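Undergrad: Below is the structure I would like to discuss, written out as structure tokens.
Numbering (this note's numbering), first residue to last: 1 to 197.
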């Protein structure tokens, strides 16, 4: 019996050794699988973090770009308002000139706009009332120097300042408002250069 016990004991010992080897091998394989899974998870986490950082950075860039655009638009709007205010003040200054300075300016404008034709000239009611004596003769003199003639019409036109010339039924609006509107872009550019150079 002792021989049988010895054989049984040897078989059990070999079986335990093989079982231990199988268990160790299985444990190693399980550890390798777990390590690989951990590495995959870590990689996925890192990729997710990087994607989130990139998304956040892109969002911040869009916000920054939008903010800069709004700032530029606000500055442009403010500049346009300043330019518009300056032009309006210039217009008001033209209208508020004393009578002598005002009609000196009107003479200069006549020298520029009078044509070598026969025509009529109209003024506002205010200008007809404050026109210096002898100014009608000045108008005729300037027109004749240009080889034309101008007749002062005592009927007032609805303008604030300046005058309206009529040649052959065609009106040439030389009111301050019309001239400023015509030159608005050019004047705005000059004011822009002066103020914001």
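The beta-carbon is built from N, C-alpha and C at its ideal position, and this holds for glycine as well. Here the structure is a predicted model, which means the values were calculated and not measured.
If contact is defined by three or more beta carbon pairs under 8 Å, each pair taking one atom from either stretch, is the stretch 97-108 in contact with the stretch 121-137?
TA: Touching, yes, given that three or more Cβ pairs across the two stretches are closer than 8 Å.
Undergrad: Could you work out which residue in 83, 64, 149 is closest to residue 114 when comparing CA atoms only?
TA: Here the question's residue 114 lines up with position 114 in the chain shown. Looking at the Cα atoms, 149 is the closest of the given residues.
Undergrad: Please report the straight-line C-alpha distance between residue 93 and residue 138, rounded to a whole angstrom.
TA: As a working mapping, residue 93 is identified with position 93 in the chain shown. As a working mapping, residue 138 is identified with position 138 in the chain shown. Taking the straight line joining both Cα atoms gives about 24 Å.
Undergrad: I need the straight-line Cα distance from residue 34 to residue 52, nearest angstrom please.
TA: The sequence position of residue 34 within the chain shown is 34, counting from 1. The sequence position of residue 52 within the chain shown is 52, counting from 1. Each residue's Cα considered, the two are about 26 Å apart.
Undergrad: Could you tell me the boundaries of the alpha helix (DSSP H) in which residue 103 lies?
TA: Within the chain shown, residue 103 is the residue found at index 103, counting from 1. 99-113 is the span of the alpha helix (DSSP H), which, as asked, contains residue 103.
Undergrad: Could you tell me if residue 9 is buried or exposed, where buried requires 16 or more neighbouring beta carbons within 10 angstroms of its beta carbon?
TA: Against the chain shown, residue 9 aligns to sequence position 9. Under this definition residue 9 is an exposed residue.
Undergrad: Report the residue ranges of all beta strand (DSSP E) runs contained in full by the stretch 17-48; include only those spanning at least 3 residues, in chain order.
TA: DSSP runs (the beta strand (DSSP E)) wholly in the stretch 17-48: none.
Undergrad: Can you tell me whether DSSP reads residue 161 as helix, strand or coil?
TA: Counting from one through the chain shown, the residue named residue 161 turns up at place 161. If DSSP states are grouped into helix, strand and coil, residue 161 belongs with coil.
Undergrad: Mapping DSSP to helix, strand and coil, what is residue 169?
TA: Position 169 of the chain shown, counted from the start, is the residue given in the question as residue 169. If DSSP states are grouped into helix, strand and coil, residue 169 belongs with coil.
Undergrad: Of the choices 152, 43, 176, whose alpha-carbon is the least far from that of residue 160?
TA: As a first step, residue 160 must be located in the chain shown, where it is residue number 160. The candidate whose alpha carbon is nearest that of residue 160 is 176.
Undergrad: What is the DSSP secondary structure of residue 229, counted as helix, strand or coil?
TA: Missing from the structure shown is residue 229; the chain here goes from 1 to 197 and no further.
Undergrad: If I measure Cβ to Cβ from residue 116 and keep anything under 8 Å in the same chain, skipping five residues before and after, which residues do I get?
TA: As a position in the chain shown, residue 116 is number 116, starting the count at 1. Hits under 8 Å: 146, 147, 148.
Undergrad: In whole angstroms, what separates the C-alpha of residue 174 from that of residue 97?
TA: Numbered from its first residue, the chain shown carries residue 174 at position 174. Numbered from its first residue, the chain shown carries residue 97 at position 97. If you take the alpha carbons of residue 174 and residue 97, they lie about 17 Å apart.
Undergrad: On the DSSP letters alone, give me the boundaries of the beta strand (DSSP E) that residue 149 sits inside.
TA: Locating residue 149 in the chain shown gives position 149, counting from the first residue. It spans 149-152 - the beta strand (DSSP E) in which residue 149 sits, taken as one unbroken run.
Undergrad: In three-state DSSP terms, what is residue 175?
TA: As a position in the chain shown, residue 175 is number 175, starting the count at 1. Looking at residue 175 - three-state DSSP - the assignment turns out to be strand.
Undergrad: Report the three-state DSSP secondary structure of residue 86 (helix, strand or coil).
TA: Residue mapping note: residue 86 aligns to position 86 of the chain shown, counting from 1. It is helical.
Undergrad: What residues in its chain sit with their C-beta under 6 Å from that of residue 188, if we drop five residues either side in the sequence?
TA: Looking up residue 188 in the chain shown gives position 188. If we look at residue 188 and ignore the five residues flanking it on each side, its Cβ neighbours are 83.
Undergrad: Assuming the contact rule is C-beta atoms closer than 8 Å, residue 122 and residue 164 should be a hit. Round their C-beta distance to whole Å, please.
TA: Counting from one through the chain shown, the residue named residue 122 turns up at place 122. Counting from one through the chain shown, the residue named residue 164 turns up at place 164. About 4 Å separates the two Cβ atoms, so the contact holds.
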